[in-house]
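-5 is the number of the first residue of the sequence shown in the numbering used here; add one for each residue after it.
Glycine residues also receive a C-beta, built at the ideal position from the N, C-alpha and C atoms.
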Amino acid sequence: MGNELKPLGWLHYCLNVADIEKSCDFYEKIGFVQVDGDRSQGWAIMHNAGTELALYSGHGEEGATTLNFRGANIDELAARVRELGFAFHTEPKTNGQGSGSFMLDDPAGNRLFMDTAPDELERFTAGNRLAVGDSDGSLGEGQPLLGVMSVCCFVDNLMDCIDWWVQLGMPLSLDMRQYGFVVLSDGWCKIALMSTDHQGSWPKQIINFRGGDVQAIADRLKSAGLELNYDARHESDDSWGTELKDTDGYVIYFNTAPDERMY
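Structure follows, in C-alpha cells:
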C-alpha cells in the first residue's frame, strides 16, 4: 500500500512531561504500551492501535505539545512549504535523499515538527502503518480499544487555519465550518480545528478519542485508579462523553456519537 494520500507522514503527538515514569504509568493504565524509547533518557513512545504518543521529559518546555509528522520525504515537504510561501520556524536540514527535519507553525501557533530518519522514509514509502515497528495499527493482545484519536486545536482564526492546512496537504474529511469546526484527515491521522467559541475551559489542544464505548472506558479507568473530571454522561449533542487529565494536566476526552460506535 502506498502513501499517496499521506503527504505529511505518520503523526506522533508529542507531550512534554515533568516525570517520565509517572506519565508512562498513567498512559499504561489508560491502555497504551511502550514500544520504543529509554525512560532513563527521558523519552518513551506509547502505542494503542493507530495512535502513537511521544512522551518527553527534559527535552523541551513542560506543558508544550508538538504535532510531529514522521516518515514523509523532507526534501519534498520543504519544497512545498517554500512554494506556498509559508515561514519556517527552523530551516530544513536534510541529507538530500529525503530524510531530515524542520519546524513550522500554523496560523494559530500550533507547532509542527517534520522529522524523518532514513529507515523511516523507507518504511513509510513501503506503506507501514506506524512510525515504530511493523504494527498494522491493530490492538495488541489484551489491549483495550480507546477509539480513534484526533488532536483538537482551538483557534481564533479558523478560516486561515483551514486554508493553511489544506494547502500544506491535509485533506478535509468533515467540513462544518459554518458551525465552527472541521476535521482534517489523511485516513490515518485526524486533526480537528475548532473555533475558540467551542473551547470553554479547555486548553489550546486536547486529545479526543472517538468511537469507543464511553461507559465501559470510564468504568475501566476508574478501576485502574484514575480520577475522571466527570463520569460517563449524555452530552448535549446526544453523544456520550467522559474526561480526565493526565499527570501534567493534558486533557483527554472520550466522546462517541450514536453513529460512531466502533463495536
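Would you call the CB atoms of residue i and residue j closer than 8 Å?
i      : j      : result
Gly163 : Arg105 : no
Ala271 : Trp4   : Because the chain is modelled from -5 through 257, residue 271 falls outside the range shown and cannot be assessed.
Ile185 : Trp159 : yes
Ala66  : Thr88  : no
Asn249 : Ser233 : yes
Ile156 : Val177 : no
Ala218 : Lys23  : yes
Leu2   : Asp113 : no
Gly52  : Gly36  : yes
Asp69  : Gly90  : yes
Phe63  : Met143 : no
Ile201 : Val145 : yes
Leu98  : Ala120 : no
Lys0   : Trp182 : yes
Grab me the residues of residue i's own chain with a C-beta within less than 8 Å of its C-beta, minus the 5 sequence neighbours each way, in chain order.
i      : result
Asp150 : Ala102, Ser189, Thr190
Asp13  : Ser51, Thr241
Tyr21  : Met40, Leu47, Leu49, Asp240
Using the rule of at least 16 other Cβ atoms within 10 Å of the residue's Cβ for burial, across every protein chain shown, is residue i buried or exposed?
i       : result
Thr84   : exposed
Gln199  : buried
Ser132  : exposed
Tyr224  : exposed
Met(-5) : Note that Met(-5) scores a pLDDT of 43, beneath 50, so its modelled location is shaky and nothing firm can be said.
Tyr173  : exposed
Gly92   : buried
His192  : exposed
Asp253  : exposed
His228  : exposed
Asp207  : buried
Ala58   : exposed
Leu152  : buried
Arg76   : exposed
Output needed for residue i: all residues of its chain with C-beta closer than 6 Å, excluding positions within five of it in sequence on either side, in chain order.
i      : result
Gln209 : Ala226
Asn42  : Gly25, Phe26, Leu140
Gln161 : Leu78
Asp100 : Cys155, Trp158
DSSP three-state label for residue i, please.
i       : result
Met153  : helix
Cys183  : coil
Glu46   : strand
Thr190  : helix
Gly(-4) : Residue confidence is low: Gly(-4) scores 49 on pLDDT, short of 50, so the model does not pin down where it sits. No coordinate-derived value is stated.
Val126  : coil
Ser230  : coil
Trp196  : coil
Leu162  : helix
Ser17   : helix
Ala263  : Because the chain is modelled from -5 through 257, residue 263 falls outside the range shown and cannot be assessed.
Asp32   : strand
Glu135  : coil
Pro86   : strand
Glu237  : strand
Phe258  : Because residue 258 is not part of the residues shown, which for the chain are -5 to 257, the question remains open.
Arg255  : coil
Leu78   : helix
Val11   : coil
Tyr244  : coil
Ser217  : helix
Leu2    : coil
Starting from the C-beta of residue i, find all residues in its chain whose C-beta is less than 7 Å away, skip the five residues before and the five after it, and write them out in chain order.
i      : result
Gly269 : This structure does not reach residue 269, given that the chain is present from -5 up to 257, and the question cannot be answered.
Leu115 : Gly65, Asn67, Gly92, Ser93
Quick test of your reading: residue i and residue j, contact by CB under 8 Å. State the CB separation rounded to the nearest angstrom.
i      : j      : result
Cys18  : Leu49  : 7 Å
Leu238 : Leu215 : 7 Å
Tyr247 : Gly235 : 6 Å
Does the beta carbon of residue i fall short of 7 Å from some heavy atom of the ligand MN?
i      : result
Ser233 : The ligand MN is not among the ligands present in this structure, which contains no ligands whatsoever.
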